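Chemist: Have a look at the structure that comes next, please.
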Amino acid sequence: MKNFLKVLMLFLLLSSCGESDSGCEDAALRFKNNTSLTITITTSTNGIKTLDAGKTYTLVLAANTRVEYSAVTSTATTVHRWNNNITVKDCEVKTINLSL
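FYI, the numbering for the sequence shown is -22 to -1, 1 to 78, going by mature numbering (1 follows the signal peptide of the UniProt record, and there is no 0).
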């Protein structure tokens, strides 16, 4: 049993040291709906996504990806729009807070 544990610990140690970089290869863009309305988000990389009130949507991207996004919602009297171009770097998570 002792030998089994030694082999298991050695395997875990070696598998955790496999890569020399920080391990980060992806980036993310997080959209947070801070309104009481449903928002429609369109991105240049992932198409259209509907985001309910109070919810968060995370778009995982390759590092250094440039994303163009637009978001829209409306009430009976007003249309609210957000849009921007953003580049997300390696290991970076940017949050876009959508608020009225």
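We put the beta carbon where it would ideally sit given N, CA and C, even for glycine.
For clarity, every value in this text was computed on a predicted model and none was experimentally measured.
(1) Could you give the residue range of the beta strand (DSSP E) that holds residue 10?
(2) Restricting to runs no shorter than 3 residues, where is the beta strand (DSSP E) found entirely within the region 23 to 71?
(3) Distance, Cα to Cα, residue 20 vs residue 68?
(4) Have a look at residue 64 and residue 54 and give me their C-alpha separation to the nearest angstrom.
(5) In angstroms, rounded to a whole number, what distance separates the CA positions of residue -4 and residue 78?
Modeler: Working from what's here:
(1) Here residue 10 refers to the residue found at position 32 of the sequence shown. DSSP places residue 10 in the uninterrupted beta strand (DSSP E) bounded by 4 to 11.
(2) 25 to 29, 34 to 40, 43 to 52, 57 to 66
(3) Numbered from its first residue, the sequence shown carries residue 20 at position 42. Numbered from its first residue, the sequence shown carries residue 68 at position 90. Answer to the nearest angstrom: the Cα atoms are 22 angstroms apart.
(4) Taking the first residue of the sequence shown as position 1, residue 64 is located at position 86. Taking the first residue of the sequence shown as position 1, residue 54 is located at position 76. One C-alpha to the other measures close to 30 angstroms.
(5) Counted from its first residue, the sequence shown places residue -4 at position 19. Counted from its first residue, the sequence shown places residue 78 at position 100. With a pLDDT of 46 at residue -4, under the threshold of 50, the modelled position of that residue is not reliable, and the figure given next carries that caveat. Going by the C-alpha atoms only, they are around 44 angstroms apart.
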